[in-house]
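Before any comments, here is the structure.
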Amino acid sequence: MAAQTALRTEPATPARSTAGARIVRRAFVVRELGIVLAFALLVVVTAAVNPRFLSAQSIKDLLLGSTILAILAVGQTIVVVSRNVDLSVGSVLGLAAFATGSLFVASPNLPIPVVLLAGVLLGAACGAVNGALVAAARVPALVVTLGTLYVFRGIDYSWAGGRQINAANMPAGFLRMGSTAILGAVPYLALFAVVVLVVAGLYLSWYSSGRDLYAIGSNPSAAHLAGIPVGRRVFAAFVVSGALAGLAGVLHAARFGTLDANAGLGNELDVIAAVVVGGVAIFGGSGSVYGAAVGAVLLTTIGSALPVLGVDPFWQRAAVGALILAAIGLDRALSARLARRLRTRRGGRRA
Amino acid sequence: MRERTRSVLGSWDTVVLVGLVLVILIGAATVDGAATPRFWRFVILEVIPIALIALPMTLVIITGEIDLSVASVLGLTCTAFGQMWAWGVTSLPALLALCLLLGAVLGAVNGLFVTGFGLPSLAVTIGTLALYRGLAYVVLGDRAVANYPPQWTTGAIRPIPGTTIPWTVLVVGVLAMVFGIVLHATPIGRGIYAMGNNADAARFSGVSVRRTKFWIFVATGAMSALAGVFWTLRFASARADNGTGLELAVVAAVLLGGVSIFGGRGGLVGVLGAVALLATLRNTLQLAYVPANTLTIITGSLLIVSVVGPNVAAAVRERLRRRRSTTSTTESAAG
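So the protein lines, in turn, are chains C and P. Counting the first sequence from 1 gives a position; the working numbering is that position plus 5. Counting the second sequence from 1 gives a position; the working numbering is that position plus 35.
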């Protein structure tokens with residue numbers, strides 16, 4: 006608090022800092038605006054072709070479909086912003102989903118919050134393994150999480166061993182949480198995503214440890230020299246990403262009801278796609294969880310909009326790929342323009 | 036001379052090769068059916084597509100980039116092969132040439148985005164991973180094309196006369212020689228290591244970083260396409276989901292082979308050793324009735340250990356060295 010007041014009253018170079026801040030803020034707005042516009046365009050065009058696309062049932066399906074991806078994307082953003090990546094989220098989700106089913110098989114009367122907590126803790130433990138290897142053993146995150154992708158999935162396979170847990174094994178209340186909606190169109194599951202999104206968004210923009218992640222992602226050695234505990238922050242980011250993947254696993258169980266060892270298989274690339282489409286720079290330092298969440302909703306919407314538009318659903322994956330390329334290309338063009346504008350401004354001041 | 040012996044003994048290549056020999060020896064001694072001619076046939080059939088892609092992938096990662104779209108290039112090539120055959124292209128050389136051309140074009144798209152527009156290859160190839168796999172589904176949907184002439188499908192896996200080893204492994208061998216010579220014995224190869232260590236420094240010393248990277252991406256596309264043709268003929272089936280997830284297996288093998296994910300370090304001997312090690316281990320354990328999920332855990336653990344191990348070893352060595360130097364200083368101070 007004191008630091009903030011100090012910053013605000015600092016009169017050193019008010020003109021430059023406000024002008025600079027304005028440019029940065031505008032670029033930030035544009036960054037997220039692009040994807041929001043793309044999303045709005047898709048929804049408007051699809052709704053114009055078939056108005057039923059905006060019916061309560063259809064919106065509910067869309068939100069339900071994007072909830073799990075959005076939660077994973079929020080966790081992934083926290084990791085990616087610090088110039089790391091977590092490829093193991095799909096495997097953690099699978100592990101947590103099967104753990105949820107097994108818990109209910111063992112004791113069917115378990116209260117739902119306990120199961121949620123168990124899933125989150127299991128995920129956090131997996132994240133702690135990743136974080137410890139990345140932060141303490143100084144191994145690149147891509148390699149560590151590619152390894153744990155296999156390890157966690159292998160544990161999941163050994164545990165499940167070809168068994169399947171069906172909806173009949175899970176309490177009705179839990180499954181109802183995965184399918185019912187309030188106000189007709191907002192599923193309960195989506196509320197989880199909204200809470201996660203808002204908490205993570207506030208944390209990243211208002212808490213100094215959240216800002217630290219951006220500093221680490223922009224320049225790890227500068228962050229270290231500035232006294233930021235880089236290892237501890239990166240470790241925490243992986244724990245959070247794991248915990249959110251665990252939460253997503255429990256929600257996966259509630260939504261689908263049928264569980265085997267393949268839950269979330271191959272999910273990691275969809276999550277990274279959502280994050281990249283949402284304007285989070287893959288090499289850290291910029292981007293927001295809100296963008297990533299919109300990215301997740303956009304990717305899900307494409308899937309259900311294409312058939313309405315009369316496009317062969319086999320085009321869906323190709324469209325997602327083209328969208329990722331367009332998103333990173335646009336991001337590059339914007340940042341190049343921003344850099345050029347900052348340079349001319351600074352040059353003008355000097356002259 | 037002693038320096039040299041020690042560096043050979045201590046190198047990661049040696050660790051991988053010793054591991055491979057140990058797996059073979061222990062397997063042959065304890066597992067029924069391991070290290071038999073029939074066993075090698077299956078190991079090599081499994082190794083061929085992974086090795087074909089791992090060769091250029093090694094170069095890509097040494098330059099400090101990555102290509103995650105390789106399995107999708109393989110899948111798209113499979114469907115293109117099937118669709119062209121269904122359209123009536125009945126000459127195998129023509130099909131092969133068209134598929135290689137397709138792969139080269141797909142690789143050139145990656146290369147253009149990475150070197151032309153300066154975008155991070157991780158993000159670009161995640162995009163083309165989705166795009167190319169999506170196009171594979173557009174070409175064939177959920178259909179499969181499987182009615183190839185039997186002489187093609189058996190021809191791809193026909194053994195070398197007098198052995199059980201498929202002749203196609205010779206193709207892999209020749210290509211491995213080519214890649215090995217380019218990487219380890221030409222100025223291009225030195226340039227590849229240089230740009231992996233420091234792209235700016237390499238550029239200032241006259242290495243054409245962009246052009247080299249572009250052509251490596253093209254080569255990766257073409258090699259993935261070759262693997263796709265082999266895949267189609269070996270399994271006598273072109274489907275859009277052929278080879279899904281293979282990219283991570285290839286990257287895992289390359290990293291286990293001692294190539295640094297940051298670029299600039301590693302070599303083809305280690306990578307080919309790692310590819311062979313993983314396939315031999317998997318097949319041996321399968322014969323020993325170890326369930327497939329244990330293999331998944333082993334693959335992942337090996338990958339982590341391969342990277343954590345050297346780091347820990349370096350840290351321990353550093354500490355020992357420091358302790359030795361402190362003791363020697365105290366000794367000299369005392370003396």
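All C-beta atoms, glycine included, are put in the ideal place defined by N, C-alpha and C. Please read all numbers here as calculations on a predicted model, not as lab measurements.
{"Query": "Taking Cβ positions only, does residue 356 (chain C) come closer than 8 angstroms to chain P?", "Result": "Below a pLDDT of 50, predicted positions are generally treated as unreliable, and residue 356 (chain C), at 46, falls in that range; no measurement from the model is reported."}
{"Query": "Can you tell me which of the three DSSP states residue 159 (chain C) falls into?", "Result": "helix"}
{"Query": "Is it right to say residue 156 (chain P) is buried, meaning 16 or more other beta carbons lie within 10 angstroms of its own, or is it exposed?", "Result": "buried"}
{"Query": "By the three-class DSSP mapping on this structure, what secondary structure does residue 191 (chain C) have?", "Result": "strand"}
{"Query": "Between which two residues does the alpha helix (DSSP H) harbouring residue 273 (chain C) extend?", "Result": "272–282"}
{"Query": "Helix, strand or coil: which one does DSSP assign to residue 340 (chain P)?", "Result": "helix"}
{"Query": "Which word fits residue 237 (chain C), buried or exposed, when buried means at least 16 other C-beta atoms lie within 10 angstroms of its C-beta?", "Result": "exposed"}
{"Query": "Under 7 angstroms Cβ-Cβ, which residues of chain P neighbour residue 102 (chain C)?", "Result": "Under the 7 angstroms cutoff, chain P gives no residues; its nearest Cβ is about 16 angstroms from residue 102 (chain C)."}
{"Query": "Whole angstroms are fine: how far does the CA of residue 279 (chain P) sit from the CA of residue 104 (chain C)?", "Result": "26 angstroms"}
{"Query": "Where are the alpha helix (DSSP H) runs, 4 residues long or more, that stay fully inside the segment 204–270 of chain P, in chain order?", "Result": "222–232, 234–239, 244–270"}
{"Query": "Listed in chain order, which residues of the segment 314–342 of chain P have Cβ atoms closer than 9 angstroms to some Cβ of chain C?", "Result": "326, 327, 328, 329, 330, 331, 332, 333, 334, 335, 336, 337, 338, 339, 340, 341, 342"}
{"Query": "With the cut-off set at 8 angstroms, would you say residue 99 (chain P) and residue 298 (chain P) are in Cβ contact?", "Result": "yes"}
{"Query": "Leaving aside the five residues before and after residue 266 (chain C) along the sequence, list all residues of the same chain whose C-beta is less than 7 angstroms from its C-beta, in chain order.", "Result": "99, 103, 161, 162, 165"}
{"Query": "Return yes when the C-beta of residue 229 (chain C) is under 7 angstroms from any heavy atom of the ligand COA, and no when it is not.", "Result": "As presented, the structure is devoid of all ligands, the ligand COA included, so that no description of it is given."}
{"Query": "Could you pull out every residue in the same chain whose Cβ sits closer than 7 angstroms to the Cβ of residue 323 (chain P), ignoring the five residues on either side in sequence?", "Result": "66"}
{"Query": "Within 10 Å of its beta-carbon, does residue 185 (chain P) have 16 or more other beta-carbons around it, so buried, or fewer, so exposed?", "Result": "exposed"}
{"Query": "Should residue 353 (chain P) be labelled buried (16 or more other beta-carbon atoms within 10 Å of its own) or exposed?", "Result": "exposed"}
{"Query": "Below 9 angstroms on C-beta distance, what does residue 169 (chain C) contact in chain P?", "Result": "Per Cβ cutoff of 9 angstroms: no residues; residue 169 (chain C) is ~15 angstroms from chain P at best."}
{"Query": "Name, please, each residue of chain C whose Cβ falls closer than 9 angstroms to the Cβ of residue 72 (chain P).", "Result": "What residue 72 (chain P) touches in chain C: nothing, since even the nearest Cβ is about 30 angstroms away."}
{"Query": "Is residue 296 (chain P) close to chain D, meaning its C-beta is less than 8 angstroms from at least one C-beta of that chain?", "Result": "Protein chains C and P are contained in the structure displayed, whereas chain D is not."}
{"Query": "So, does the CB of residue 321 (chain C) fall closer than 8 angstroms to a CB anywhere in chain P?", "Result": "yes"}
{"Query": "For residue 114 (chain P), which residues of its own chain have a beta-carbon under 6 angstroms away from its beta-carbon, when the five flanking residues on both sides are left out?", "Result": "171, 174, 175, 273, 275"}
{"Query": "For residue 310 (chain P) versus residue 105 (chain P), is the C-beta distance shorter than 8 angstroms?", "Result": "no"}
{"Query": "Does the Cβ of residue 61 (chain P) have 16 or more other Cβ atoms within 10 Å, making it buried, or fewer, making it exposed?", "Result": "exposed"}
{"Query": "Evaluate residue 291 (chain P) with the Cβ neighbour count: other Cβ atoms within 10 Å of its Cβ, from every protein chain shown; 16 or more gives buried, anything less gives exposed.", "Result": "buried"}
{"Query": "Between the Cα of residue 325 (chain C) and the Cα atoms of C:279, C:225, C:168, C:46, which residue gives the shortest distance?", "Result": "C:279"}
{"Query": "On the premise that residue 156 (chain C) lies in contact with residue 335 (chain P), defined as a C-beta separation below 8 angstroms, what is that separation, rounded to the nearest angstrom?", "Result": "4 angstroms"}
{"Query": "Determine which residues share a DSSP beta bridge with residue 170 (chain C) and list them.", "Result": "C:264"}
{"Query": "Under the assumption that residue 88 (chain C) contacts residue 206 (chain C) (Cβ atoms under 8 angstroms), give the Cβ distance between them as a whole number of angstroms.", "Result": "Not really, about 20 angstroms apart at Cβ, beyond 8 angstroms."}
{"Query": "Excluding the 5 residues preceding and the 5 following residue 359 (chain P) in the sequence, name in chain order all residues of the same chain whose CB lies nearer than 7 angstroms to its CB.", "Result": "none"}
{"Query": "Counting only beta-carbon atoms, is residue 153 (chain P) nearer than 8 angstroms to chain C?", "Result": "yes"}
{"Query": "When burial is assigned at 16 or more other CB atoms within 10 Å of the CB, is residue 107 (chain P) buried or exposed?", "Result": "buried"}
{"Query": "Counting only Cβ pairs nearer than 7 angstroms, list the residues of chain C close to residue 290 (chain P).", "Result": "148"}
{"Query": "Is any beta-carbon of chain P found at less than 8 angstroms from that of residue 85 (chain C)?", "Result": "no"}
{"Query": "Hey, could you find the ends of the alpha helix (DSSP H) residue 77 (chain P) is sitting in?", "Result": "72–97"}
{"Query": "When DSSP builds the beta bridges, which residues end up paired with residue 235 (chain C)?", "Result": "In the DSSP output, where bridge partners are listed per residue, residue 235 (chain C) has none listed."}
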